[in-house]
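Chemist:
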Amino acid sequence: MPPNLRLKFVQLLKEYADVFAWSYRDMPGLDREIVEHKLPLLLGSVLVRQQLRRMRQEVALKIKEEVEKQWNTGFMAVANYPQWVANIVPVPKKDGKVRMCIDYKDLNRASPKDNFPLPYIDGTFCYKVMSFGLKNAGATYQRAMVALFHDMMHKEDLRKLFTRLQKYKLRLNPAKCTFGVKTGKLLGFVVNERGIEMDPDKVKAIREMLVPKIE
Numbered sequence: 000m001p002p003n004l005r006l007k008f009v010q011l012l013k014e015y016a017d018v019f020a021w022s023y024r025d026m027p028g029l030d031r032e033i034v035e036h037k038l039p040l041l042l043g044s045v046l047v048r049q050q051l052r053r054m055r056q057e058v059a060l061k062i063k064e065e066v067e068k069q070w071n072t073g074f075m076a077v078a079n080y081p082q083w084v085a086n087i088v089p090v091p092k093k094d095g096k097v098r099m100c101i102d103y104k105d106l107n108r109a110s111p112k113d114n115f116p117l118p119y120i121d122g123t124f125c126y127k128v129m130s131f132g133l134k135n136a137g138a139t140y141q142r143a144m145v146a147l148f149h150d151m152m153h154k155e156d157l158r159k160l161f162t163r164l165q166k167y168k169l170r171l172n173p174a175k176c177t178f179g180v181k182t183g184k185l186l187g188f189v190v191n192e193r194g195i196e197m198d199p200d201k202v203k204a205i206r207e208m209l210v211p212k213i214e
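Going by numbering that gives the first Met the number 0, the letters in the sequence shown line up with residues 0 to 214, in that order.
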C-alpha cells in the first residue's frame, strides 16, 4: 500500500476509534427498536433441564472468568426459576482462550425456524442479550444488518460504514478487522481479487490424507 494511502487509512481509523470494541464494556448494545430477538416455542414443547456436565478444572476456570466478565458487563442475569437449562460447551480458540458456547439443541428443537434471507460454576444464569448458538440468532443478526446497512451493500465506503456504526452503537472486533489488504480470510474462506476460495488451513487434513491401500 502506498505510504500516502496508508496514512489516510490510519487517520480514518483514529477518527472512528470508538466503533471498535476492545472489551465487553465497549459494547453498548443495539437499540431494540431496530431488532429484537425472541424465543417462540412450538405448541406442546416439553421443557428440558439438562444435567450439569463436568469439565476439566483448567477449562472450568476459564469459563468462570468468562461468565464473570459477561455478568459484570450486564450481559447476564441470575436465573432464579429457570424453565429451560442448557450446559456450557467450551470451544478452544487459537489464542489459547476458550469460547463459551451454549448447548441449545433442546431449545432449538422446540423453537420454530426463522426463515429470514471450575469444578462447578455456581449458579444458573440466563442471557440478557442474544446469545451465540440459538437457532434463529443468525436470522435476527442478518435482519439487523439489512435494516442498518441496506443502502451500503457492495459499497466500499468505510467512512459511511463507520458513521452508521456510531449512529446505532454497533461495535467491531478489532482483532477480526483487516484494512488495506489484497487478500484475507472471511468465514472460513479466502477472499481476494480472484474471488472466493477455500481456506487452505480448512482443507489441509484432506489434502494430506494418505491414499487408501487395497491389499
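Ideal placement from N, C-alpha and C gives every residue a C-beta, glycine not left out.
Suppose contacts are defined by Cβ-Cβ distances below 8 Å. Is R170 in contact with D25 by that definition?
Modeler: Yes, they are a contact pair.
Chemist: Which residues share a DSSP beta bridge with E196?
Modeler: E196 pairs with V189.
Chemist: Figure out for me which residue from P211, G187, G179 and Y167 has the closest Cα to the Cα of G28.
Modeler: For the residues P211, G187, G179 and Y167, the minimum Cα distance to G28 belongs to Y167.
Chemist: On the DSSP letters alone, give me the boundaries of the alpha helix (DSSP H) that R108 sits inside.
Modeler: Here the alpha helix (DSSP H) through R108 covers K104 to R108.
Chemist: According to DSSP, is Y23 helix, strand or coil?
Modeler: In the structure shown, Y23 sits in a helix (DSSP, three-state: H, G or I).
Chemist: To the nearest whole angstrom, what separates the beta carbons of T162 and H36, a pair I think is in contact under 8 Å?
Modeler: In fact, because the Cβ distance is near 25 Å, the residues do not count as touching under 8 Å.
Chemist: Thinking Q49 and D102 are a contact (beta carbons under 8 Å), I'd like their distance in whole angstroms, please.
Modeler: At roughly 7 Å, the Cβ-Cβ gap stays under 8 Å, so Q49 and D102 are in contact.
Chemist: Give me, in chain order, the residues of the same chain whose beta-carbon lies closer than 7 Å to that of Y23; leave out the 5 immediate sequence neighbours on both sides.
Modeler: The residues are K68, Q69, T72 and F74.
Chemist: Find the nearest neighbour of L46 within the set R206, W83 and G183, judged by alpha-carbon distance.
Modeler: Selected option, being the one with the closest Cα: W83.
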